[in-house]
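Trainee:
Protein chains in written order, with UniProt numbering: chain D, 1 to 247; chain U, 1 to 247; chain P, 1 to 247.
1. If you follow the alpha helix (DSSP H) that residue 14(D) is in, where does it begin and where does it stop?
2. Once DSSP output is grouped into helix, strand and coil, what is the label at residue 221(D)?
3. Alpha carbon to alpha carbon, what distance is there between residue 111(D) and residue 121(U)?
4. Thinking residue 184(P) and residue 132(P) are a contact (beta carbons under 8 Å), I'd like their distance in whole angstroms, please.
5. Going along chain P in order, which residues have a C-beta closer than 7 Å to the C-beta of residue 108(U)?
6. Return the chain-ordered ranges of every beta strand (DSSP E) run that is complete within the region 134-211 of chain P and spans a minimum of 3 residues.
7. Quick one: any contact between the region 4-18 of chain U and the region 63-76 of chain D, if contact means 3 or more CB pairs under 8 Å?
8. Between the Cα of residue 177(U) and the Cα atoms of 198(U), 51(U) and 145(U), which residue gives the shortest distance?
9. Counting along the chain, where does the beta strand (DSSP E) carrying residue 66(D) start and finish?
10. What is the DSSP secondary structure of residue 73(U), reduced to helix, strand or coil?
11. On the CB-based measure, 16 or more other CB atoms within 10 Å of its CB, does residue 105(D) come out buried or exposed?
12. Can you give the Cα-Cα distance for residue 236(D) and residue 48(D), rounded to whole angstroms?
13. Taking the C-alpha atoms as reference points, what is the distance between residue 171(D) and residue 88(P)?
14. Do we get a CB-CB distance below 8 Å when we pair residue 69(P) with the residues of chain U?
15. Please look up how many angstroms separate the CB atoms of residue 1(U) and residue 60(U), rounded, as I've assumed it's under 8 Å.
16. Considering residue 96(U), what are the terminal residues of the beta strand (DSSP E) in which it resides?
17. Comparing the C-beta of residue 75(D) with each C-beta of chain U, is any distance below 8 Å?
18. Taking the alpha-carbon positions, what's the residue 143(U) to residue 45(U) distance?
19. Hey, quick one: how far does the beta strand (DSSP E) through residue 239(U) stretch, first residue to last?
20. Starting from residue 92(P), follow its DSSP beta bridges and name the residues at the other end.
21. In the structure shown, what three-state DSSP assignment does residue 115(P) receive?
22. Quick check: residue 154(P) and residue 223(P), are their CB atoms within less than 8 Å of each other?
23. Quick one, are the C-beta atoms of residue 157(P) and residue 103(U) less than 8 Å apart?
24. For residue 192(D), would you say it is in contact with chain P, using Cβ-to-Cβ distances shorter than 8 Å as the test?
25. Just the Cα atoms here: how many angstroms apart are residue 54(D) and residue 3(D)?
26. Between the Cα of residue 225(U) and those of 81(U), 5(U) and 201(U), spot the shortest distance and give me the residue it belongs to.
27. For the beta strand (DSSP E) containing residue 58(D), name the first residue and the last one.
28. Closer than 7 Å by beta-carbon distance: list the chain P residues that pair up with residue 89(U), in chain order.
29. Of all the CB atoms in chain D, is at least one closer than 8 Å to the CB of residue 143(U)?
30. Would you grab the beta carbon distance between residue 97(P) and residue 85(P) for me? Rounded to a whole angstrom, and I think it's under 8 Å.
31. Which same chain residues end up closer than 8 Å to residue 210(P) when comparing Cβ atoms and leaving out the 5 residues on each side of it in sequence?
32. Measuring alpha carbon to alpha carbon, tell me which residue in 204(P), 197(P), 91(P) and 57(P) is nearest residue 243(P).
33. Tell me, please, which residues DSSP counts as bridged to residue 32(D).
34. Who are the neighbours of residue 93(U) on chain P, taking C-beta pairs under 9 Å?
35. So, at 8 Å on beta carbons, what are the nonlocal neighbours of residue 151(D) in its own chain, with the 5 sequence-adjacent residues on each side left out?
36. Going by Cα to Cα distance, which pick from 78(D), 18(D) and 22(D) is closest to residue 99(D)?
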């Protein structure tokens, strides 16, 4: 059983981060809220997303898993204005999700959860360094890096107490640095890893520019990007595997 | 003889509905205003448009017909700001339409009206059901239907006293319903017909979202869509032939 | 030695007019400001641009020439908001330009000035007629002309005391005229020349619509287009060679 009502804006902010990595996903519909966990086909990026029941106008679920075409569901939600209410109701017999927005009722065929790619099983990961940046700072760093390269080094300069993003092109280079004054928060520790800009650019696209984004980093370790949405009732966690250092 | 002055906005709202169906059309320049009637090459859609002389700042015509390239004329009008005045003057000798917008004079070569496709000869059509919807409601229904199918059923549910729009895809379905509370007006009668979304989407694109749109419907009958513009001095009527029911 | 700070907006207005004509250019960094002079590969258009040191928040240069990829530099400046300050610093040893915008440092590899196309050596040109128009008037004339042709006649009607722009298509024609009342200024003299719309359209794209644009013209002579920017501390001069009259 699942029936819920939420603003189109909240649902869109829930679906878009998942849609950057996968076409289809499982949604866990628990009593306390919904959870999504998915890994991209190349197993480079993982997203873990939760949205608490408090984010909804009304929410009722007794546990269960549905498989959905993420982009399709995001498109349907996109038919609404951002503060329109979207009514969701699971029809367990027909395995359909009924989506109602005003006079519009869209019946979405669900995907068999068993044919959706397995969810990732992440080992607990201790990342020693962390920095809290504004979405717009991250955006500027990633867009500048894209001008010169396909990958980027992200790390912490322990001496200067700075977070940095470095990209090296054949001709030009980009160096982006933020120290304690520029950052919301910084925990200094050894950290330097190389990442694919393809993935970082996709993730960057869904991070609201006015959001605080937490980066957690290590030495040739995955990066953990996380931020809250829907007044803190929702959370997005991205894990991004490092590229092998090519020097 | 024809010479007239109107706002660019009024002229654009006159030309765009015609341009969705045909490339060239005849414009009848009568003493009381102008009239356009055109049918698309596949003979599925018809537009009948009138614009009263009161829509113009000044208007003089003594009857006559000109053939025009609709899109071209719409593009020239589009050079103006929407509240700029556009001066039109027919040069009967050279068969040219002189269009003046401020210091700009565009001389448009007219098309021989005899080579423009014949105007449709519509039998008077009694359509039993009718509904008055807002442009934005129609827009939402059509856009949702386009997500799942290439055609759509539009009808009136006599029991529920509702206008509905139904589209059925291979996987997903769209059902849009508006009852008396949602509608500006509804005349209940048996009505259910299938229409091509290609045409409806094109027509929808030119209907202002804040306009009241009248739909007239029957059982496997054409649909009549009409709305006013330019403070009621202009009227657009679309007729759309039904598709054959495929079940 | 060169180090300077200016608003992104000022730098963008300096680079864009050059980027419409050439990919790479020399920038002369003099004590009083910077100068750029460049001719397009087809030797049809020339741009001469100057930006006074007063346009900068701070400026220090002791003379010297750098070669730059104009579009690339414009893209980097475009990463900033228009009122952000952009810090420029020349590293003479590595022949790199260091561009700093907040926490972002972009290191741009310079181009050897000796491999950049020679700067044009323009003979002093006496152009008898001139008109001062608003950018938006010029914009409307050029866009209308583009609808019918690939070239345009620009001239002064001595009898009517008007500046005109004429374009003749296979079917339609455009005539644009501005007399003393419409113009900021007009110096009447014999003037009529044909120009490529490709070039004029590119030049038009960078002229701000709210700017006064000075056109200087003669009989089958080049056109001189000039305007100021950055509160009069910057000036753009375009020279455009006439096309041969084809009648």
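Cβ atoms here follow ideal geometry from the backbone N, Cα and C, with glycine treated the same way.
Mentor: This is what the structure holds:
1. 8-19
2. coil
3. 50 Å
4. 4 Å
5. 172
6. Counting only runs of 3 or more, we get 151-157, 162-168, 173-179, 185-187 and 191-196.
7. no
8. 145(U)
9. 65-69
10. helix
11. Classification for residue 105(D): buried.
12. 6 Å
13. 17 Å
14. no
15. 7 Å
16. 96-101
17. yes
18. Rounded to whole angstroms, the gap between the alpha carbons of residue 143(U) and residue 45(U) is 19 Å.
19. Boundaries of the beta strand (DSSP E) around residue 239(U): 234-240.
20. The partner list for residue 92(P) (beta bridge, DSSP) is empty, contrary to what the question assumes.
21. helix
22. yes
23. no
24. no
25. 14 Å
26. 201(U)
27. 58-61
28. The contacting residues do not exist; residue 89(U) stays about 13 Å from chain P at best.
29. yes
30. About 16 Å separates the two Cβ atoms, so there is no contact after all.
31. So the list reads 134, 135 and 136, once near-sequence residues are dropped.
32. 197(P)
33. Per DSSP, none; premise fails for residue 32(D).
34. Listed along chain P, no residue sits closer than 9 Å to residue 93(U) by beta-carbon distance, the nearest being about 15 Å off.
35. Answer for residue 151(D): 167, 194, 195, 196, 197 and 243, listed in chain order.
36. 78(D)
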